[in-house]
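In this text, residue positions in the sequence shown follow UniProt numbering: the first is 1, and each later residue adds one.
Just so it is clear, CB atoms sit at the ideal spot from N, CA and C, and this is done for glycine as well.
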Amino acid sequence: MPMQLDNLDRRILDALQRNAKLSNVQLAEEVGLSPSPCLRRVRLLEEAGVIRGYHAELDRSKSGLGLTVFVGVKVERHHDASANAFRAAVIDLPEVISCHVVSGESDFLLQVVLPDLASYEDFLFSTLLKLPAVSDIRSNFAISTVKSQTALPLDHLPQGGLS
1 MPMQLDNLDR RILDALQRNA KLSNVQLAEE VGLSPSPCLR RVRLLEEAGV
51 IRGYHAELDR SKSGLGLTVF VGVKVERHHD ASANAFRAAV IDLPEVISCH
101 VVSGESDFLL QVVLPDLASY EDFLFSTLLK LPAVSDIRSN FAISTVKSQT
151 ALPLDHLPQG GLS
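Written as structure tokens, this is what we have:
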């Protein structure tokens, strides 16, 4: 069940999603709190797992990862161990930046980032096709990115207060 958040919590989360480098004093000023209660709220949000971490957002192409591929993967359905073996293997692949269990033609949808097409070809044949239980792979290459954001919308969160 989602944590009950009040408007101050939402404002804190919104500010930190826009700029995680804010000092506690800057954050407190932005949301209209004094530093001590602001820090207390941030710590509660961290302890509750609402804030999972603080990260730098990198530009993929400027970081040498100009190719984004969405890979649909089917796994063998002989037993549940097939999907579990695939999950365990894909977790250790740094090129895979997200992995989702999906419905439809694929069982999993991977988002893979690599420098170029030659790198993907190598990754496909030396890694992906050798993963446990893989029976089919469909690759879709991103031509351009219209929208990519890490900030989550907060308007839907339950209102209430921290308990």
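- When DSSP states are grouped into helix, strand and coil, GLN26 belongs to the helix group.
- DSSP assignment within the stretch 99-151 yields the following whole alpha helix (DSSP H) runs of 4 residues or more, N-terminal first: 117-126.
- In this structure, VAL42 lies near LEU16, with their beta-carbon atoms less than 9 Å apart.
- Sequence-distant partners of ALA85 (beyond 5 residues in either direction) whose C-beta falls short of 7 Å from its own C-beta, in its chain, are PRO132, ALA133.
- In the DSSP assignment, VAL90 falls within the alpha helix (DSSP H) that extends over 80-91.
- If you ignore the 5 residues before and after SER106, its C-beta comes within less than 7 Å of the C-beta of GLY72, VAL73, LYS74, ARG138, all in its own chain and listed in chain order.
- Within a 10 Å sphere around the beta-carbon of ALA28 sit 16 or more other beta-carbons, which makes this residue buried.
- Secondary structure note for VAL42: its alpha helix (DSSP H) is the uninterrupted segment 35-47.
- Rounded to the nearest whole angstrom, the CA to CA distance from LEU13 to VAL112 is 28 Å.
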